[in-house]
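Chemist:
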Amino acid sequence: MKVSVFATLVLSSFATALPCLKRRGGSFVLQNGIDAINLNNQFKSLTASSPCTSGNACVNGEFAQCVNGQYVLTSCGSGLTCAALPLVNSAGTSITCTTQADLNSRIAATGATTNGTSTTGSPSNVTTTSSSALTATSTTSSESNPSSSAQTSLTLLSSLVAPNFAKNGENVNTSEAGEVPSLTSTNNFINFCATLSNLPITDGEQIKGGSCNPAPMGAIPSTSNMPSAKFVSPNNLAVLPADTTFEVTLAVQGLETGFFVNADTNYFSAPQQIDPTSGQIQGHAHFVIEALESLTQTTPTNPNKFAFFLGLNGKADAKGQLYANVTGGLPEGTYRMSTIMSAMNHQPALVAVAQHGSLDDQIYFTVVAPGQNGTTTTTTSIGSSPLPATASGDSSVPTGAST
Numbered sequence: 031m032k033v034s035v036f037a038t039l040v041l042s043s044f045a046t047a048l049p050c051l052k053r054r055g056g057s058f059v060l061q062n063g064i065d066a067i068n069l070n071n072q073f074k075s076l077t078a079s080s081p082c083t084s085g086n087a088c089v090n091g092e093f094a095q096c097v098n099g100q101y102v103l104t105s106c107g108s109g110l111t112c113a114a115l116p117l118v119n120s121a122g123t124s125i126t127c128t129t130q131a132d133l134n135s136r137i138a139a140t141g142a143t144t145n146g147t148s149t150t151g152s153p154s155n156v157t158t159t160s161s162s163a164l165t166a167t168s169t170t171s172s173e174s175n176p177s178s179s180a181q182t183s184l185t186l187l188s189s190l191v192a193p194n195f196a197k198n199g200e201n202v203n204t205s206e207a208g209e210v211p212s213l214t215s216t217n218n219f220i221n222f223c224a225t226l227s228n229l230p231i232t233d234g235e236q237i238k239g240g241s242c243n244p245a246p247m248g249a250i251p252s253t254s255n256m257p258s259a260k261f262v263s264p265n266n267l268a269v270l271p272a273d274t275t276f277e278v279t280l281a282v283q284g285l286e287t288g289f290f291v292n293a294d295t296n297y298f299s300a301p302q303q304i305d306p307t308s309g310q311i312q313g314h315a316h317f318v319i320e321a322l323e324s325l326t327q328t329t330p331t332n333p334n335k336f337a338f339f340l341g342l343n344g345k346a347d348a349k350g351q352l353y354a355n356v357t358g359g360l361p362e363g364t365y366r367m368s369t370i371m372s373a374m375n376h377q378p379a380l381v382a383v384a385q386h387g388s389l390d391d392q393i394y395f396t397v398v399a400p401g402q403n404g405t406t407t408t409t410t411s412i413g414s415s416p417l418p419a420t421a422s423g424d425s426s427v428p429t430g431a432s433t
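In our numbering, the protein residues as written are 31 to 433.
1) Rounded to the nearest angstrom, what separates Q236 and S124 at their Cα positions?
2) Nearest to M367 by alpha carbon, out of A224, D233, Y297, A268?
3) Answer yes if the segment 135-145 comes into contact with the segment 76-92, meaning at least three C-beta pairs across the two stretches below 8 Å, and no otherwise.
4) Whose C-beta lies closer than 8 Å to the C-beta of C242 among residues of the same chain, with five residues either side of it excluded?
5) Which term fits G208, buried or exposed, when burial requires 16 or more other beta carbons within 10 angstroms of its beta carbon?
6) What residue does the alpha helix (DSSP H) around S135 start on, and which one ends it?
7) CA-CA distance, P271 and T204?
8) Beta-carbon separation of G239 and T287 under 9 Å?
9) Which residues does DSSP list as the beta-bridge partners of I242?
10) Between the alpha carbons of N70 and N119, how many angstroms are there, rounded?
11) When burial is assigned at 16 or more other CB atoms within 10 Å of the CB, is S105 buried or exposed?
12) Does the contact criterion of 3 or more C-beta pairs under 8 Å hold for the segment 293-303 versus the segment 248-256?
13) Ends of the alpha helix (DSSP H) at A66?
14) Would you tell me roughly how many angstroms separate the C-alpha atoms of G234 and Y297, rounded to the nearest one?
15) With V356 and F339 assumed to form a contact (beta carbons below 8 Å), what rounded beta-carbon distance in angstroms separates them?
16) Are the beta-carbon atoms of T364 and F395 separated by less than 9 Å?
17) Starting from the C-beta of C112, find all residues in its chain whose C-beta is less than 6 Å away, skip the five residues before and the five after it, and write them out in chain order.
18) In the structure shown, what three-state DSSP assignment does C127 receive?
19) How about the segment 310-325 and the segment 277-294: do they share at least three Cβ pairs that are nearer than 8 Å?
20) With 16 as the cutoff for other CB atoms within 10 Å, does G213 come out buried or exposed?
21) Nearest to A379 by alpha carbon, out of G85, P193, P257?
22) Are S308 and N375 close, meaning C-beta to C-beta below 9 Å?
23) May I ask you to report which of helix, strand or coil DSSP gives L76?
24) Using DSSP bridges, identify the partner residues of K2.
25) With a Cβ-Cβ cutoff of 9 Å, do V262 and T279 count as a contact?
26) Going by DSSP in three states, P361 sits in which element: helix, strand or coil?
27) Taking Cβ positions, are S80 and T216 nearer each other than 9 Å?
28) Strictly by DSSP, which residues pair up with I319?
29) Spatial neighbours of K260 within its chain, please: CB distance less than 7 Å, with the 5 preceding and 5 following residues excluded, ordered by chain position.
30) Sort out for me which residues DSSP pairs G309 with in a bridge.
31) Determine the DSSP secondary structure at F395, reduced to helix, strand or coil.
32) What did DSSP end up calling A379 once you bin it into helix, strand or coil?
33) Can you look up T111 in the DSSP assignment and give me helix, strand or coil?
34) Going by beta carbon distance, what residues of the same chain come within less than 6 Å of T182, once the five residues before and after it are set aside?
Structural data, given as structure tokens:
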């Protein structure tokens with residue numbers, strides 16, 4: 031099985047070697063070179079159909095991950111080849127994409143040669159590398175100094191590999207009847223979108239035809255910092271006058287409000303972020319109003335159709351409340367109003383546990399002809415910031431509208 035990736039992406043995974051224990055004062059450099067030579071010799075006998083149990087290898091110059099007993103090959107890109115390299119600062123080897131010149135110079139620097147100095151046997155388990163081996167020390171500059179270069183490197187830090195991602199969740203004590211096996215990965219799914227060639231990369235855009243988003247989910251707040259919302263006004267089952275401006279007041283907690291990015295250029299383009307002081311998600315709220323046939327409607331609504339949508343992008347006031355006008359009101363009818371609690375890049379808020387109360391609120395209300403007991407109040411701001419209310423179309427958020 032083969033996966034295509036961008037030619038410039040350099041993948042790296044790390045396999046621990048089992049070198050001789052005769053080392054003094056960190057004198058592992060020569061042995062690392064010998065182990066790298068032996069590994070590369072072993073790789074020459076592997077093919078894409080070779081059986082495997084776990085771990086990584088090189089097959090025909092391509093990076094190979096063992097997934098469900100079969101190697102998945104990833105091209106290293108133009109001018110690069112997959113190889114085992116000797117670690118520099120600790121005992122062991124790394125399996126990565128590199129140039130042939132770099133491979134030769136690194137092995138030569140250890141003093142190891144292909145004759146006379148190499149050892150016999152298998153210095154490293156090529157096909158059964160355990161998932162724990164993926165957390166071995168990396169020699170890349172981004173690993174040794176994460177704050178300086180990790181965020182620009184195209185190499186996954188070995189310290190960030192999640193070993194449990196390689197498990198599908200089946201046949202364990204917590205399994206339940208009807209569960210399906212999870213997708214698995216030994217590299218944090220960094221190239222998952224390459225498996226979906228029919229979908230474009232999301233790339234910060236709202237692509238109505240569907241897309242694949244390569245951005246990680248990001249920081250997850252503690253259970254004591256899960257967001258929640260409740261409408262203050264209108265009240266549930268309120269009766270409002272038709273075609274009359276009314277106020278929406280939303281109380282929020284557990285969310286650092288006032289954080290939103292450009293939804294046209296940075297939609298879903300960054301991980302969820304946590305405020306370093308409060309531990310709460312940095313984000314914002316929305317509310318959406320949908321027309322119903324009646325208060326007793328049981329058929330699901332169409333998410334593409336709504337009567338009003340607005341992003342509450344300002345900071346909540348001292349009472350933890352956000353405010354907005356539905357200017358001009360709504361025509362007669364029955365409506366459902368819901369919140370959408372979001373992180374900064376407009377993705378739905380993510381929390382630490384599966385079982386939790388709803389992060390959002392919903393109420394139902396009726397709009398009647400003026401004079402039929404409809405009452406309301408108005409306001410003109412969110413927190414302390416003036417906000418012009420923005421009505422939606424009936425099929426999508428208007429171009430340029432906040433989300």
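From the three backbone atoms N, C-alpha and C, an ideal C-beta is built for every residue, glycine too.
Modeler: Let me lay it out:
1) The sequence position of residue 236 within the sequence shown is 206, counting from 1. The sequence position of residue 124 within the sequence shown is 94, counting from 1. Rounded to whole angstroms, Q236 and S124 show a C-alpha spacing of 39 Å.
2) Numbered from 1 along the sequence shown, position 337 holds the residue referred to as residue 367. Nearest option by C-alpha distance: A268.
3) Judged by Cβ distances under 8 Å, the segment 76-92 makes no contact with the segment 135-145, as fewer than three pairs qualify.
4) The residue you call residue 242 lines up with position 212 of the sequence shown. F222, C223, L226, L229, P230, I231, T232.
5) In the sequence shown, residue 208 corresponds to position 178, counting from 1. Of the residues assessed, G208 falls on the exposed side of the cut-off, its CB having fewer than 16 other CB atoms within 10 angstroms.
6) One-based indexing of the sequence shown puts residue 135 at position 105. DSSP places S135 inside the alpha helix (DSSP H), whose first and last residues are 130-140.
7) Taking the sequence shown and counting its residues from 1, the one referred to as residue 271 is at position 241. Taking the sequence shown and counting its residues from 1, the one referred to as residue 204 is at position 174. Between P271 and T204, the C-alpha separation is close to 53 Å.
8) As a working note, residue 239 is residue 209 in the sequence shown. As a working note, residue 287 is residue 257 in the sequence shown. T287 sits away from G239, with the two beta carbons spaced by 9 Å or more.
9) Within the sequence shown, the letter at position 212 stands for residue 242. Per the sequence shown, the amino acid found at residue 242 is Cys instead of Ile. According to the DSSP secondary-structure assignment, C242 is paired through a beta bridge with I231.
10) Here the question's residue 70 lines up with position 40 in the sequence shown. Here the question's residue 119 lines up with position 89 in the sequence shown. Their Cα atoms are separated by approximately 20 Å.
11) Locating residue 105 in the sequence shown gives position 75, counting from the first residue. Counting the other CB atoms within 10 Å of its CB gives S105 a total of 16 or more, which places it among the buried residues.
12) Segments in contact, yes.
13) Position 36 of the sequence shown, counting from 1, holds the residue named residue 66. Here the alpha helix (DSSP H) through A66 covers 59-73.
14) Locating residue 234 in the sequence shown gives position 204, where the first residue counts as 1. Locating residue 297 in the sequence shown gives position 267, where the first residue counts as 1. So the alpha carbons of these two residues sit roughly 4 Å apart.
15) By one-based count along the sequence shown, residue 356 stands at place 326. By one-based count along the sequence shown, residue 339 stands at place 309. Their Cβ separation, rounded to whole angstroms, is 11 Å, which puts V356 and F339 out of contact at 8 Å.
16) The residue you call residue 364 lines up with position 334 of the sequence shown. The residue you call residue 395 lines up with position 365 of the sequence shown. Yes, the pair counts as a contact, with Cβ atoms nearer than the cut-off.
17) The residue you call residue 112 lines up with position 82 of the sequence shown. Excluding residues within five positions, the ones whose Cβ falls inside 6 Å are C88, G91, E92, F93, C106, C127.
18) Here residue 127 corresponds to residue number 97 of the sequence shown, with the count starting at 1. In this structure, C127 counts as strand in the three-state DSSP scheme.
19) Touching, per the Cβ criterion.
20) Within the sequence shown, numbered from 1, the residue matching residue 213 stands at position 183. According to the sequence displayed, residue 213 carries Leu and not Gly. Burial state of L213 is exposed, judged by a 10 Å Cβ sphere holding fewer than 16 other Cβ atoms.
21) Position 349 of the sequence shown holds residue 379. Looking at the Cα atoms, P257 is the closest of the given residues.
22) To locate residue 308, count along the sequence shown from 1; it is residue 278. To locate residue 375, count along the sequence shown from 1; it is residue 345. Not a contact, by the Cβ cut-off of 9 Å.
23) Taking the first residue of the sequence shown as position 1, residue 76 is located at position 46. In this structure, L76 counts as coil in the three-state DSSP scheme.
24) An answer regarding residue 2 cannot be provided, because it is not within the stretch 31 to 433 covered by the chain.
25) The residue labelled residue 262 in the question sits at position 232 within the sequence shown. The residue labelled residue 279 in the question sits at position 249 within the sequence shown. Going by C-beta atoms, V262 is nearer than 9 Å to T279.
26) Here the question's residue 361 lines up with position 331 in the sequence shown. In the three-state scheme derived from DSSP, where H, G and I count as helix and E and B as strand, P361 is classed as coil.
27) Reading the sequence shown from its first residue, position 50 is the one you call residue 80. Reading the sequence shown from its first residue, position 186 is the one you call residue 216. It is not a contact, given that the beta carbons lie outside the stated cut-off.
28) Here residue 319 corresponds to residue number 289 of the sequence shown, with the count starting at 1. Bridge partners of I319: F338, M367.
29) Locating residue 260 in the sequence shown gives position 230, where the first residue counts as 1. Once the five neighbours on either side are set aside, the close Cβ partners of K260 are A281, D391.
30) Counted from its first residue, the sequence shown places residue 309 at position 279. Looking at the DSSP assignment, G309 forms no beta bridge with any residue, so it has no partner.
31) The residue given as residue 395 occupies position 365 in the sequence shown. F395 sits in a strand when the DSSP states are folded into three classes.
32) Stepping through the sequence shown from its first residue, residue 379 is reached at position 349. Judged by DSSP in its simplified three-state form, A379 adopts coil rather than helix or strand.
33) To locate residue 111, count along the sequence shown from 1; it is residue 81. In the structure shown, T111 falls within a strand segment according to DSSP collapsed to helix, strand and coil.
34) For this step, residue 182 is matched to residue 152 along the sequence shown. Closer than 6 Å at Cβ, skipping near neighbours: no residue.
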